[in-house]
Amino acid sequence: MSALAAIFYREGRIRVTNLTFVFWDLFYPLGYLLVFGVGVSAALGAPSAIAGASYNAFFLAGVLGMASFGIASNTAWSFFLDRDNGIFFEMLTYPLSRAQYLLGRMLFTVFISLLQAGITVGLGCWLLRIPVEVARLPLLVLGVAGGTAGWFYFYAIFALRIRRNDVFNSVTSVFYFVFLFASSIFYPLEPLPRWFRWTALANPVTWQVDLLRFASIGAGAPRQILLEALAFAAFAVLSFVLAVRCLGQQE
Amino acid sequence: MGAIALEVENLVKVYHPRRQSPVRAVDGMSFGVARGTIFGLLGPNGAGKTTTLKILNTLIQPTSGRAAVEGFDVVRHPLEVRRRISVVLQETATEMFLSVRDNLLTFARFHGIPSAEARRRADDVLERFRLADDADRKVQDLSGGNRRRVQVSKVFMVRTPVVFMDEFSTGMDPILKRAMMDWLREEAARGRTIVLTTQILGEAEELCDDILIMNRGRQVARGDLHALKLLSEGVYEVVMTFDALPASIEQELAQLAPLRMKINQNTIEVAFKAGEGQVLERVSALARGRRVLRVEVSGASLEDIFVELTQRKE
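Protein chains in written order, with the numbering used here: chain H, 630 to 880; chain U, 1168 to 1481.
Quick look at the structure:
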């Protein structure tokens, strides 16, 4: 427990004493929703109807999914910063196990992503009148937390395996392009070409966003959402196992 | 629990670099280190010192063999080992985005020191390392030397029984280095085991109770300074100062096949491996017909021993 508290202390001090981190960690998804969401909503003509809701309401789950994906990628990138500063290997000699190290980093990332989601949902609902169902908020919290954890472990595998920062940046750029655009973040899948739809359905981003959309505006069939949630859980567990193994192989 | 802090038995570490043949960085090392000792692990670049330390620090796992710290096996009980060690890595390792004080407090937090006690210790360490004026500055704004100072100062925040220091004095000014050596002696007197690697042999000569010299992953000598000097019996160091340096002195010295030689203005420093009588004959030959202001003949320094042992053909 004290090891996890120490990781929280470290990460917290880094955030609190660096205000630019606070902006990117807490407010950028809201900014995305307000700028991109409002822009597309206006372009489609208000009130547009996508999946039975306004584009802003539809896009809220997409923004939350994208934020999970983004914060996980940023935290994994911070492994490179820690490596450059030498502190990465020193931390591996501190009294904590490799699994605790990853768990602590994951929990802090989840904590930040929940704050981020709280701000985005709270202000999004207030400013854009998005009708979020309060009764489903616990599911929304679960979707954000579980999604962030899964993506953190997924990215950690690459951050720990790849030694060069530039290679990691190229990999994340490809991931951003493939995972975010071939998913249900920005558009509903039903009108898409068949090959595109199947690609998106095999994408864990879609699994997480569909759950978040169900939890925020009630869109989607419960049976499919459950299957997608289980698939995402399996993806997260597999990523965790591989990330711990990669951390153990650091030399 | 016995009086042994570190135990290493037949330790082997083989690296497998991509598209290159395997490298046997540590090749069957065995040694033990008593509690409260300042133990020096010496060797030329690539000897395997840092790899040995990394295994003992639980950063990497050995290919075969066994290593234990305070009785705990580094592979089977790494967490127990980490609870008992603090480490200064060869590379500078600091939290760049945190202040100097936060670096100390964070380190203490990881080692489970209560907040109030950590603050008290941090104040003490900041004073001791002359970092108090920079306490609230971010480490990224400090010079390289001060970053290293922050890194080294962290091990004084905790009371772990074993401290590993890989080239601890790199980038440290001479005054602080001297003070550090005194503090390390104090820590050892309190029962902490200090394990250090260094390229600066004078440092090891002055500080270490027990020295292990390794080369190509293997132990080539072990013991305290006195024992090592006995190993290198027959090595003499000669210092001669002339009123004017003879023009042919470099050639004359080269003909005597010295282990090493250095010429500085009118002074020559040369190390020979020869019998005492032969060395005195050489000194008198060098002095013949010349005005010599000073002559000193002494036994081998650690540097002589190191050079001799690590250059020996296997």
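Beta carbons are placed, not taken as given, at the ideal position from N, Cα and C, and that holds for glycine.
T1230(U) in three-state terms, based on DSSP: As a position in the second sequence, residue 1230(U) is number 63, starting the count at 1. DSSP places T1230(U) in coil when its eight states are reduced to three.
Within-8 Å CB hit, E1262(U) to chain H: As a first step, residue 1262(U) is located in the second sequence; it is residue number 95 there, counting from the start. So yes, E1262(U) belongs to the interface.
Residue range of the unbroken beta strand (DSSP E) whose run includes H1331(U): In the second sequence, residue 1331(U) corresponds to position 164, counting from 1. In the sequence under discussion, the amino acid at residue 1331(U) is Phe, which differs from the His named in the question. Counting along the chain, the beta strand (DSSP E) containing F1331(U) begins and ends at 1329–1333.
Cutoff 7 Å; reference G1232(U); Cβ partners in own chain excluding five residues on either side: Residue 1232(U) sits at position 65 when you count from the first residue of the second sequence. So the list reads E1176, N1177, L1178, V1179, once near-sequence residues are dropped.
Own chain partners of F1439(U) with C-beta closer than 6 Å, once the 5 adjacent residues on each side are dropped: Here residue 1439(U) is taken as the residue at index 272 of the second sequence, counted from 1. If we look at F1439(U) and ignore the five residues flanking it on each side, its Cβ neighbours are Y1403, P1425, V1446.
Cβ shell of K1429(U) (< 6 Å), same chain only, five flanking positions each side left out: In the second sequence, residue 1429(U) corresponds to position 262, counting from 1. Hits under 6 Å: E1436.
Expected contact under 8 Å - CB spacing of M735(H) and A778(H) to nearest Å: For the purposes of this step, residue 735(H) is identified with residue 106 of the first sequence, where counting begins at 1. For the purposes of this step, residue 778(H) is identified with residue 149 of the first sequence, where counting begins at 1. Their Cβ separation, rounded to whole angstroms, is 5 Å, which keeps M735(H) and A778(H) in contact under 8 Å.
Partners in chain U for I716(H), counting only beta-carbon separations shorter than 7 Å: Within the first sequence, the letter at position 87 stands for residue 716(H). Chain U residues near I716(H): A1260, T1261, E1262.
C-beta contact flag for A1260(U) and Q1318(U) at 8 Å: The residue labelled residue 1260(U) in the question sits at position 93 within the second sequence. The residue labelled residue 1318(U) in the question sits at position 151 within the second sequence. The answer is yes: Cβ separation under 8 Å.
Neighbourhood of V1474(U) by C-beta, 7 Å cutoff - its chain only, sequence neighbours within 5 removed: Here the question's residue 1474(U) lines up with position 307 in the second sequence. Closer than 7 Å at the Cβ level, and outside the excluded window around V1474(U), lie L1426, R1427.
Per-residue burial, M1168(U) [other beta carbons within 10 Å of its own, 16 or more giving buried]: One-based indexing of the second sequence puts residue 1168(U) at position 1. A caution first: M1168(U) carries a pLDDT of 47, below 50, which makes its placement in the model unreliable, though a value can still be read off. The residue is exposed, with fewer than 16 neighbouring Cβ atoms inside 10 Å.
Any 3 or more C-beta pairs closer than 8 Å across the region 772–789 of chain H and the region 683–697 of chain H: yes
Straight-line Cα distance separating L721(H) from L1256(U): Residue mapping note: residue 1256(U) aligns to position 89 of the second sequence, counting from 1. Residue mapping note: residue 721(H) aligns to position 92 of the first sequence, counting from 1. Each residue's Cα considered, the two are about 11 Å apart.
The region 1317–1337 of chain U: positions lying closer than 7 Å to chain H by Cβ: none
Local conformation of L1209(U) per DSSP, three classes: Mapped onto the second sequence, residue 1209(U) falls at position 42. Looking at L1209(U) - three-state DSSP - the assignment turns out to be strand.
Three-way DSSP call (helix, strand, coil) for N832(H) in this model: The residue given as residue 832(H) occupies position 203 in the first sequence. Coil at N832(H), not helix or strand.
Start-end ranges of the beta strand (DSSP E) lying completely within the region 1228–1310 of chain U, minimum 3 residues: 1231–1236, 1252–1255
DSSP three-state assignment for S1197(U), whether helix, strand or coil: Here residue 1197(U) corresponds to residue number 30 of the second sequence, with the count starting at 1. In the structure shown, S1197(U) sits in a strand (DSSP, three-state: E or B).
Beta-carbon spacing of R1352(U), G1203(U) below 8 Å: For the purposes of this step, residue 1352(U) is taken as residue 185 along the second sequence, with counting starting at 1. For the purposes of this step, residue 1203(U) is taken as residue 36 along the second sequence, with counting starting at 1. It is not a contact, given that the beta carbons lie outside the stated cut-off.
Rounded Cβ spacing between I1252(U) and T1327(U) (contact assumed at less than 8 Å): Here the question's residue 1252(U) lines up with position 85 in the second sequence. Here the question's residue 1327(U) lines up with position 160 in the second sequence. Between T1327(U) and I1252(U) the Cβ distance is about 5 Å, and since that is below 8 Å, they are a contact.
Reduced DSSP category for P1340(U) - H, G, I as helix; E, B as strand; rest coil: One-based indexing of the second sequence puts residue 1340(U) at position 173. Per the sequence shown, residue 1340(U) should be read as Asp rather than Pro. Coil at D1340(U), not helix or strand.
Beta-carbon proximity check, G715(H) vs L633(H), cutoff 8 Å: Position 86 of the first sequence, counted from the first residue, corresponds to residue 715(H). Position 4 of the first sequence, counted from the first residue, corresponds to residue 633(H). No; because the gap between Cβ atoms is not below 8 Å, this pair is not in contact.
Interface residues of chain H facing T1273(U) [CB-CB closer than 8 Å]: The count along the second sequence starts at 1 and reaches residue 1273(U) at position 106. Within chain H, the residues near T1273(U) are A635, Y638, R639, R642.
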